[in-house]
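One structure below.
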Amino acid sequence: DAKTTQPPSMDCAEGRAANLPCNHSTISGNEYVYWYRQIHSQGPQYIIHGLKNNETNEMASLIITEDRKSSTLILPHATLRDTAVYYCIVRVIDTGNQFYFGTGTSLTVIP
Amino acid sequence: DAGVTQSPTHLIKTRGQQVTLRCSPKSGHDTVSWYQQALGQGPQFIFQYYEEEERQRGNFPDRFSGHQFPNYSSELNVNALLLGDSALYLCASSRGTGGLSNQPQHFGDGTRLSIL
């Protein structure tokens, strides 16, 4: 029941910015976009979330288009430790606080 | 500040057996959700507990049940285990529940359950 579409895999050179796209064309006005990542054998790690304004924290930046139909997660200076599966999630407002994960984007940072 | 902790980390069972997995939420969190993650797939929502009651449930059979204790910790029970129940079981905690909360969930590292 995932409401997002992501490319299955991406590569990024170490030290460069990694831009991970996500399509959520059916998003409703009060639904937030969340990003998590999962490194092998660990649980998903929260990165950032937003509603309609761009957001930035110590890990990443989130850019949401004006029509809210898509977003981009930006890791400004990718390191080898950023190699992981990245999930873009839209929380379905009428089903409480659980998240519906898709299959995510497998990001490989190349030395 | 301890995060979400799960036990055990690994478990091996045989078909037909029963299993109990445990989760302690992050400090200050009162809502616990459980997810099943098959190999190569994203996590799938099982159910959510708040105030010791099951509040939301995903598309999982009644063999999957849970419990939340007054200290907010939680258990996931699976009866009559099938080979297809082999997966990583993740617990996530958050503060508050209901549609008005936008607080993110924080995940533990999971219990790897293998069914022989």
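Read top to bottom, the protein sequences are chains H and B. So for the first sequence, the working numbering puts the first residue at 1; every next one is plus one. So for the second sequence, the working numbering puts the first residue at 1; every next one is plus one. Ideal Cβ placement from N, Cα and C applies to all residues, glycine included.
Please classify residue i as buried or exposed, where buried requires at least 16 neighbouring CB atoms within 10 angstroms.
| i | result |
| --- | --- |
| H/E58 | exposed |
| B/I12 | exposed |
| B/G99 | Residue placement at B/G99 cannot be trusted, given a pLDDT of 44 that sits under 50; the coordinates are not used to answer. |
| B/Q18 | exposed |
| B/L116 | exposed |
| H/P76 | exposed |
| B/R15 | exposed |
| H/A78 | buried |
| H/D11 | exposed |
| H/S28 | exposed |
Cα-Cα, which of the options is closest to residue i?
| i | options | result |
| --- | --- | --- |
| H/T108 | H/A84, H/R91, H/S70 and H/Y100 | H/A84 |
| H/R30 | H/T56, H/P111, H/A78 and H/R68 | This sequence places Asn at residue 30 of chain H; Arg is not what is there. Checked all of H/T56, H/P111, H/A78 and H/R68; the closest Cα to H/N30 is H/R68. |
| H/D82 | H/S25, H/N54, H/A18 and H/E55 | H/A18 |
| B/T20 | B/Y72, B/F45, B/Y89 and B/A38 | B/Y89 |
| H/I48 | H/T56, H/S41 and H/A13 | H/T56 |
| H/I110 | H/R16, H/T5, H/I89 and H/I39 | H/R16 |
| B/F47 | B/Q103, B/E53 and B/R57 | B/R57 |
| H/K3 | H/E14, H/P21 and H/S25 | H/S25 |
Counting along the chain, where does the beta strand (DSSP E) carrying residue i start and finish?
| i | result |
| --- | --- |
| H/T105 | T105 to I110 |
| B/E75 | S74 to V78 |
| B/T20 | V19 to S24 |
| H/I47 | Q45 to G50 |
| H/F99 | Counting along the chain, H/F99 falls outside any beta strand (DSSP E), and DSSP gives it neither H nor E. |
| B/I12 | H10 to K13 |
| B/H67 | F64 to Q68 |
| B/A87 | A87 to S94 |
Which whole-angstrom value describes the C-beta separation of residue i and residue j, a residue pair presumed to lie in contact below a C-beta threshold of 8 Å?
| i | j | result |
| --- | --- | --- |
| B/P43 | B/Y35 | 4 Å |
| B/K26 | B/G3 | 5 Å |
| B/V78 | B/F69 | Contact doesn't hold; Cβ gap of about 18 Å is too wide. |
| B/S74 | B/G66 | 6 Å |
| B/T31 | B/S93 | 6 Å |
| H/F101 | H/R91 | With a Cβ gap of about 11 Å, H/F101 and H/R91 do not count as contacting. |
| H/S9 | H/T103 | Between H/T103 and H/S9 the Cβ distance is about 10 Å, and since that is not below 8 Å, they are no contact. |
| H/Y36 | H/P44 | 4 Å |
Does the CB of residue i have a neighbour CB from chain A at under 8 Å?
| i | result |
| --- | --- |
| H/S70 | Absence of chain A from the displayed structure is noted, the protein chains being H and B. |
Give the residues from the segment 30-42 of chain B that approach chain H closer than 7 Å (Cβ to any Cβ), ordered along the chain.
-> From the segment 30-42 of chain B, only T31, S33, Q41 and G42 have a Cβ closer than 7 Å to chain H.
Closer than 9 Å, Cβ to Cβ, to anything on chain B: give me those residues from the segment 11-45 of chain H, in chain order.
-> Against chain B - using a Cβ distance shorter than 9 Å - the residues of the segment 11-45 of chain H are N30, Y32, Y34, Y36, Q38, S41, Q42, G43, P44 and Q45.
Members of the segment 74-88 of chain H that neighbour chain B once the beta carbon cut-off is set at 7 Å = Y87
Contact list for the segment 99-115 of chain B against chain H, Cβ threshold 8 Å | G99, S101, N102, Q103, P104, Q105, H106, F107, G108, D109 and G110
Residues, ordered as in the chain, of the segment 97-111 of chain H that lie near chain B by beta-carbon distance below 8 Å | N97, Q98, F99, Y100, F101, G102, T103 and G104
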